[in-house]
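Residue numbers (the numbering used here), protein chains in the order written: chain L, 42 to 153; chain H, 33 to 147.
Here the structure comes first, spelled out in structure tokens, and everything after it is commentary.
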């Protein structure tokens, strides 16, 4: 079955540091890949997505590139802010069933 | 109101109680979902409704009973729960059922504690 593996958290960074959160996946076919973010006390919201190999999703300074050869979709940001503190979920959808498979989430804490 | 709204935000119940979680979406979407979020575990898909018909039920215990009276409303009826059912229950919606590139829109969740 489908699966998503994310790096264990929490990740603690100083403001303006470079961020990478690793995500790898196993899926049948050609899935769409997503990053969702959950701020404290809120539900998940879509951060970015990519629907085919080599696509780059980007939003709010975050980027992730769909790498089919390494089955990865790593999240990066060049300079994090305190307001980026949240839990980040990698996810995929491989079929026609809108059945999204999520990773366990990676908590990011940015300190001033 | 816009987006996906869940009530109540917090619920504490005993194992013999009966309660319900409510979800309402104002996005005109055709599919709605219940997810369970527990610490250090991936989100667990519980139920999916498309155009008010249940299309997915991931072997959820019968003490959880969903209801979708129309495409804008989704309920999760709870009875005789166990302490391990304590979690954050998230409702989500999407434009259509069957679009692999589609985005899920989540509510803020209902934090359930079972004593």
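Built from N, CA and C at the ideal position, the CB exists for glycine as well.
Neighbourhood of residue 118(H) by C-beta, 7 Å cutoff - its chain only, sequence neighbours within 5 removed: Position 86 of the second chain, counted from the first residue, corresponds to residue 118(H). Same-chain partners within the cutoff: 144, 145, 146.
Alpha carbon of residue 75(H) to alpha carbon of residue 70(L), nearest angstrom: Walking along the second chain from the start, residue 75(H) turns up at place 43. Walking along the first chain from the start, residue 70(L) turns up at place 29. Their backbone Cα atoms lie some 22 Å apart in a straight line.
Three-state class that DSSP yields for residue 116(H) in the structure shown: Counted from its first residue, the second chain places residue 116(H) at position 84. Here residue 116(H) sits in helix by DSSP.
Under 7 Å (Cβ pairs) to chain H, residues found in the region 99-121 of chain L: none
Any C-beta of chain L under 7 Å from that of residue 74(H): The residue labelled residue 74(H) in the question sits at position 42 within the second chain. Judged by the 7 Å Cβ criterion, residue 74(H) is in contact with chain L.
Boundaries (first-last residue) of the beta strand (DSSP E) holding residue 93(L): Taking the first residue of the first chain as position 1, residue 93(L) is located at position 52. That residue, residue 93(L), is in no beta strand (DSSP E); it is neither H nor E in DSSP.
DSSP state of residue 123(L) mapped onto helix, strand, coil: Here the question's residue 123(L) lines up with position 82 in the first chain. Residue state, collapsed to three classes: helix.
Residue 153(L) - DSSP class collapsed to helix/strand/coil: The sequence position of residue 153(L) within the first chain is 112, counting from 1. Residue 153(L): coil per DSSP, three-state reduction.
At least three beta-carbon pairs within less than 8 Å, the region 138-149 of chain L to the region 90-97 of chain L: no
Beta-carbon gap between residue 122(H) and residue 138(H) smaller than 7 Å: In the second chain, the residue the question calls residue 122(H) occupies position 90. In the second chain, the residue the question calls residue 138(H) occupies position 106. Closer than 7 Å, so yes.
Under 7 Å between C-beta atoms of residue 96(H) and residue 89(H): Within the second chain, the letter at position 64 stands for residue 96(H). Within the second chain, the letter at position 57 stands for residue 89(H). Their beta carbons are not under 7 Å apart, which means residue 96(H) does not touch residue 89(H) by this criterion.
For residue 110(H) and residue 50(H), believed in contact at Cβ under 8 Å, the rounded distance: As a working mapping, residue 50(H) is identified with position 18 in the second chain. As a working mapping, residue 110(H) is identified with position 78 in the second chain. Between residue 110(H) and residue 50(H) the Cβ distance is about 7 Å, and since that is below 8 Å, they are a contact.
Residue 134(L), buried or exposed, once every other Cβ within 10 Å from all chains shown has been counted against 16: To locate residue 134(L), count along the first chain from 1; it is residue 93. It is buried - the Cβ of residue 134(L) has at least 16 other Cβ atoms within 10 Å.
Among 71(H), 116(H), 35(H), nearest to residue 15(H) - alpha-carbon criterion: Lying outside 33 to 147, the shown extent of chain H, residue 15(H) is not represented and no answer is given.
Residues within the region 79-92 of chain L neighbouring chain H, beta-carbon criterion of under 9 Å: 79, 82, 83, 84, 85, 86, 87, 90, 92
Counted within 10 angstroms of its Cβ, other Cβ atoms place residue 128(H) as buried (16 or more) or exposed: Sequence index remark: in the second chain, residue 128(H) carries index 96 (1-based). The residue is exposed, with fewer than 16 neighbouring Cβ atoms inside 10 Å.
Chain-order list of residues whose beta-carbon lies under 8 Å from that of residue 48(H) (same chain, five-residue window excluded): Position 16 of the second chain holds residue 48(H). Counting only Cβ-Cβ distances below 8 Å, and skipping sequence neighbours, we find 112.
Residue 145(L) at chain H interface by Cβ criterion, 7 Å: Locating residue 145(L) in the first chain gives position 104, counting from the first residue. With 7 Å as the cut-off, residue 145(L) counts as an interface residue toward chain H.
Chain-ordered neighbours of residue 140(L) on chain H, where CB pairs are closer than 8 Å: As a first step, residue 140(L) is located in the first chain; it is residue number 99 there, counting from the start. In chain order: 77, 80, 88.
Buried versus exposed call for residue 72(L) [16 or more other C-beta atoms within 10 Å across all chains shown]: Residue numbering aside, residue 72(L) sits at position 31 when the first chain is read from its first letter. Buried, by the Cβ-count rule.
Range covered by the beta strand (DSSP E) that runs through residue 115(L): One-based indexing of the first chain puts residue 115(L) at position 74. Careful: residue 115(L) lies outside any beta strand (DSSP E) and carries neither H nor E.
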